[in-house]
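Peer 1: Let me give you the structure first, and then I'll get to my questions.
2 protein chains.
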Amino acid sequence: MKVNIKVVAEKAEVSTATVSRVLRNYPGVRKKTRKKVLKAISDLNYEVNAVARSLRQRKTYTIGVVVGNVLSQFYSIIAKSVEDVAHKYDYNTILCNGDDNPEKELRYLKVLKASRVDGIILTPTGKNADYINWLINSDTKVVLLDRLIDGVKCDAVLVDNENGAYKAVKHLIDQGYRRIGIINGYVDRTTGRGRFNGYLRALKESDISVDESLIKFGNFKKRSGIDLARELLDRPDRPEALFVANIDMTLGAIMTIKEMGLKIPQDIGIVGFDDSEWALILDPPLTVVSQPVYSLASTAAEMLIKKINGENTSHGDKPLIVTLSTDLVVRGSTRRL
Amino acid sequence: MKVNIKVVAEKAEVSTATVSRVLRNYPGVRKKTRKKVLKAISDLNYEVNAVARSLRQRKTYTIGVVVGNVLSQFYSIIAKSVEDVAHKYDYNTILCNGDDNPEKELRYLKVLKASRVDGIILTPTGKNADYINWLINSDTKVVLLDRLIDGVKCDAVLVDNENGAYKAVKHLIDQGYRRIGIINGYVDRTTGRGRFNGYLRALKESDISVDESLIKFGNFKKRSGIDLARELLDRPDRPEALFVANIDMTLGAIMTIKEMGLKIPQDIGIVGFDDSEWALILDPPLTVVSQPVYSLASTAAEMLIKKINGENTSHGDKPLIVTLSTDLVVRGSTRRL
DNA sequence: ATGAAAGCGCTAACAT
DNA sequence: ATGTTAGCGCTTTCAT
């Protein structure tokens, strides 16, 4: 037995318009009438049909979030953070797993568009510039998270990758390390590029020549960390220390180090990018660059909701780009040489 | 400029009904007509309005998932798993963070109901029996995940908590441990209850008397692990080993152990419930009970979609309850006494 | 094979 | 303060 606004109206002996007013706490309803309506609603266990409401209002009170992969800590913090903000403003969230896969990303963006979400937060693969430009040019509000896309002008919230990486490598150099390897992720992402630049800048500043054989590029996943650490360490002139450009690859690199029977920091120093609660209970605890993942995402969500509410965030046609700073957290995974 | 099915119909010089047929790959449309329509769609960059479609079809192709907290590994695996299955069947997922909070859970269940999702997967707090019963009695399809609710008859997918805990504690006993402490979670949840029973059964079987002072109840969060480990270990007659009933509390317990300068397994043995990739690179690697979290959730999602499609999963009015087994993974965090 | 028209459940403009 | 009515964008009978 379906109970809709009409049934409620009949039961309360008012018009559907009045019921609708009560539902939305519209002011001009007599107290007595409101009470009657509320009673009918409660008696019938009526719950508003948000689908019909969205259709009529052309507003869904929903924001879409497309992230890489919730299994990764980084993205699950983002999911939680966006959800918290959305909740605060009475918005719902549709979370989509782009899986770092451009096709899945595109698919989900289309789904979100079809669902007429009020806005989208996207950690982009960087590959769907055309569609995303079209999205932005139609009515959809978009905020990019963590990285930019070549050829797309869009508000974004980023992290200072270059300085973070710089601090990490500078720390290694200050400790006396000279042969410093890097396990980086995609360089065609602004994150990978930034972290790589930070690495190069720190070396250059200390007049350490760049050794191509110490530079490896992976895909930001654990597997990359495992394999590339092996490539770097399984040779006589192995690096004295490793800078690993994200948490999943750091996990992988440590697995390899353990498996090879190497000791941290005696045999090899390591600094990771991105912190984890587990980093604290490793032996030794891990030195990392910590990035403000939660505020990264909450800032983006706040920006998006402002945009949805028509508050102009950007000046002129320049997109608004916010960059949050990153910090080196020194623990025990390097030593003084 | 809004482009809807009517605009497409005009451009293609057909009726809206025909456009609709093309959109849904309805068979009886002439090839030439279909082509004309597809051209119009593509020229206009038309994308179907899923809101209107859902209203008309009374079907949203969306399932709602209410989990405890995506920040926890356990729940993020669930989120990913459900999403994978949903995606396979062309369903969307709305993920909600119940935060292990009965009020938030209720709120989200109402939102999902209002959104007319086709079904709901819920890891229940156990507190909203009335509403959930009402949900089930109205048209909503529900599958419970990981735990049951007192007073609610509903299909569910569970894990064999009791045997998992039993195996963990039995292992400790076999290693020679006698004074075995337990840090458990909520006992008013079937998970906490089951794990506690497994602990008791193992002790009983070996004629080890139960020492109340070795039994602590927390809330399954890291903080509990930190605090309760401190209570258990900060006394002269501290236990020889600890069984910790979930991953977050295990992390917390290890933090306390580190902070107190105790060595695993020399000073204290530990077995955790639930595995993690990080458990492998701890020193020593952690012995754990591993539960099949991914298949737990994918099984539930498959069940839900079957229910949505009208396939009868349960026999008569008995709910279908699937229980998956758990395994002990022996690594290095206990020793032979 | 295609079109006309009703209606999903609600809201908002207008009328009273 | 409340009611009447059109219409959001689509799908689905029922005609043709």
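One line per chain: the protein sequences are A and B, in this order. The first sequence finishes on residue 391 if you use the working numbering, and the numbering steps up by one all the way, no holes. The second sequence finishes on residue 391 if you use the working numbering, and the numbering steps up by one all the way, no holes. Glycine is no exception: its CB is placed at the ideal position from the N, C-alpha and C atoms.
Could you check whether Ile234 (chain B) and Pro319 (chain B) sit closer than 8 Å to each other, using their CB atoms as the reference points?
Peer 2: Going by C-beta atoms, Pro319 (chain B) is not nearer than 8 Å to Ile234 (chain B).
Peer 1: Check this for me: beta carbons of Arg284 (chain A) and Thr244 (chain A), under 8 Å apart or not?
Peer 2: Not closer than 8 Å, so no.
Peer 1: So, with DSSP's three-state summary, where would you put Phe297 (chain A)?
Peer 2: Note: Phe297 (chain A) maps to strand in three-state DSSP.
Peer 1: Check whether the Cβ atoms of Ile175 (chain B) and Leu199 (chain B) sit closer than 8 Å, and answer yes or no.
Peer 2: Yes; because the gap between Cβ atoms is below 8 Å, this pair is in contact.
Peer 1: Excluding five sequence neighbours on each side, which residues of the same chain lie with their C-beta closer than 6 Å to the C-beta of Asn215 (chain A)?
Peer 2: Excluding residues within five positions, the ones whose Cβ falls inside 6 Å are Thr245, Gly248 and Arg249.
Peer 1: Relative to chain A, which residues along the segment 124-139 of chain B have a C-beta separation below 7 Å, given in chain order?
Peer 2: For the segment 124-139 of chain B, which is checked against every Cβ of chain A, the residues closer than 7 Å are Val124, Leu125, Ser130, Ile131, Ala133, Lys134 and Glu137.
Peer 1: Spatial neighbours of Thr380 (chain B) within its chain, please: C-beta separation below 6 Å, excluding the five flanking residues on both sides.
Peer 2: Here the set comprises Val213, Asp214, Gly218, Val343 and Gln345.
Peer 1: What are the residues that DSSP puts in a beta bridge with Phe128 (chain B)?
Peer 2: Bridge partners of Phe128 (chain B): none, in fact.
Peer 1: Starting from Leu287 (chain B), trace the alpha helix (DSSP H) both ways and give me its first and last residue.
Peer 2: Its alpha helix (DSSP H) spans residues Lys276 to Leu287.
Peer 1: Give me the subset of the segment 99-113 of chain A whose CB atoms are less than 8 Å from a CB atom of chain B, sorted by chain position.
Peer 2: Cβ contacts with chain B: Asn99, Glu101, Val102, Asn103, Ala104, Val105, Ala106, Ser108 and Leu109.
Peer 1: Could you compute how far the alpha carbon of Val57 (chain B) sits from the alpha carbon of Glu157 (chain A)?
Peer 2: Going by the C-alpha atoms only, they are around 25 Å apart.
Peer 1: Could you tell me which chain A residues have their CB closer than 7 Å to the CB of Lys164 (chain B), listed as they occur along the chain?
Peer 2: The contacting residues are Glu101.
Peer 1: How about Tyr80 (chain A) and Tyr115 (chain A): are their beta carbons less than 8 Å apart?
Peer 2: Not closer than 8 Å, so no.
Peer 1: Val87 (chain B): which of B:Leu334, B:Pro338, B:Val62 and B:Asn103 sits nearest, CA to CA?
Peer 2: At residue 87 (chain B) the sequence reads Thr, which differs from the Val that was named. Ranking B:Leu334, B:Pro338, B:Val62 and B:Asn103 by Cα distance to Thr87 (chain B) puts B:Val62 first.
Peer 1: Report the residue from B:Leu282, B:Lys181, B:Arg110 and B:Val73 whose alpha carbon sits nearest the alpha carbon of Ile95 (chain B).
Peer 2: The option with the nearest alpha carbon to Ile95 (chain B) is B:Val73.
Peer 1: Beta carbons nearer than 8 Å to chain B: which residues of the segment 308-337 of chain A have them?
Peer 2: Within the segment 308-337 of chain A, the residues whose Cβ lies closer than 8 Å to some Cβ of chain B are Ile308, Met309, Lys312, Ser330, Glu331, Trp332, Leu334, Ile335, Leu336 and Asp337, listed in chain order.
Peer 1: So, do the segment 290-305 of chain A and the segment 323-333 of chain A have three or more beta carbon pairs nearer to each other than 8 Å?
Peer 2: A contact exists between the segment 290-305 of chain A and the segment 323-333 of chain A.
Peer 1: Where Asn366 (chain A) and Ala140 (chain B) are concerned, what is the direct C-alpha to C-alpha distance, given to the nearest angstrom?
Peer 2: Those two C-alpha atoms are separated by around 37 Å.
Peer 1: Just the C-alpha distance for Val121 (chain B) and Phe128 (chain B), rounded to the nearest angstrom, thanks.
Peer 2: Roughly 10 Å separates the two Cα atoms.
Peer 1: Output the residue ranges of the alpha helix (DSSP H) runs that lie fully inside the segment 58-145 of chain A and measure 4 residues or longer, sorted by chain position.
Peer 2: For the segment 58-145 of chain A, whole alpha helix (DSSP H) runs of length 4 or above, ordered along the chain, are 59-66, 70-77, 85-98, 104-111 and 127-142.
Peer 1: Label Pro290 (chain B) either buried or exposed according to how many other C-beta atoms from any shown protein chain fall within 10 Å of its C-beta, with 16 as the threshold for buried.
Peer 2: Pro290 (chain B) is exposed by the Cβ-count criterion.
Peer 1: With a cut-off of 8 Å, does the C-beta of Ile9 (chain A) fall near any C-beta of chain B?
Peer 2: Because chain A spans 55 through 391 in this model, residue 9 (chain A) falls outside it and cannot be assessed.
Peer 1: What's the gap between the Cα of Val264 (chain B) and the Cα of Leu257 (chain B)?
Peer 2: Answer to the nearest angstrom: the Cα atoms are 7 Å apart.
Peer 1: Buried or exposed: Ala183 (chain B), going by 16 or more other Cβ atoms within 10 Å of its Cβ?
Peer 2: Answer is exposed; the Cβ neighbour count stays below 16.
Peer 1: Which residues in chain A sit within 9 Å of Ala168 (chain B), going by Cβ to Cβ distance?
Peer 2: Glu101, Val102, Asn103, Ala104, Val105 and Arg107, listed in chain order.
Peer 1: The alpha helix (DSSP H) that contains Thr341 (chain A), what's its start and end?
Peer 2: Not the alpha helix (DSSP H): Thr341 (chain A) falls in the beta strand (DSSP E), residues Thr341 to Ser344.
Peer 1: Do the CB positions of Ile148 (chain B) and Leu166 (chain B) come within less than 8 Å of each other?
Peer 2: Contact: yes.
Peer 1: In angstroms, rounded to a whole number, what distance separates the CA positions of Val124 (chain A) and Arg277 (chain B)?
Peer 2: If you take the alpha carbons of Val124 (chain A) and Arg277 (chain B), they lie about 23 Å apart.
Peer 1: Please decide whether Leu350 (chain B) counts as near chain A, where near means a Cβ-Cβ distance under 8 Å.
Peer 2: Closer than 8 Å: no.
Peer 1: Does the distance from the C-beta atom of Val241 (chain B) to that of Val376 (chain B) stay below 8 Å?
Peer 2: No.
Peer 1: Name, in chain order, the residues that DSSP records as bridge partners for Cys150 (chain B).
Peer 2: B:Val120.
Peer 1: Could you tell me if Ala71 (chain A) is buried or exposed, where buried requires 16 or more neighbouring beta carbons within 10 angstroms of its beta carbon?
Peer 2: Exposed.
Peer 1: How many whole angstroms separate the CB atoms of Trp188 (chain B) and Asn103 (chain A), which I take to be in contact at a CB cut-off of 8 Å?
Peer 2: Contact doesn't hold; Cβ gap of about 17 Å is too wide.
Peer 1: Tell me which same chain residues have a C-beta within less than 7 Å of the C-beta of Val171 (chain A), skipping the five on either side of it?
Peer 2: Cβ within range, chain order: Thr114, Thr116, Ile117, Gly118 and Ile148.
Peer 1: Hey, is Gly305 (chain B)'s beta-carbon within less than 8 Å of any beta-carbon in chain A?
Peer 2: Reading off the sequence, residue 305 (chain B) comes out as Leu, not Gly. Answer yes: the Cβ-Cβ gap between Leu305 (chain B) and chain A drops below 8 Å somewhere.
Peer 1: Put Gly248 (chain B) into one of helix, strand or coil per three-state DSSP.
Peer 2: Correct three-state label for Gly248 (chain B): helix.
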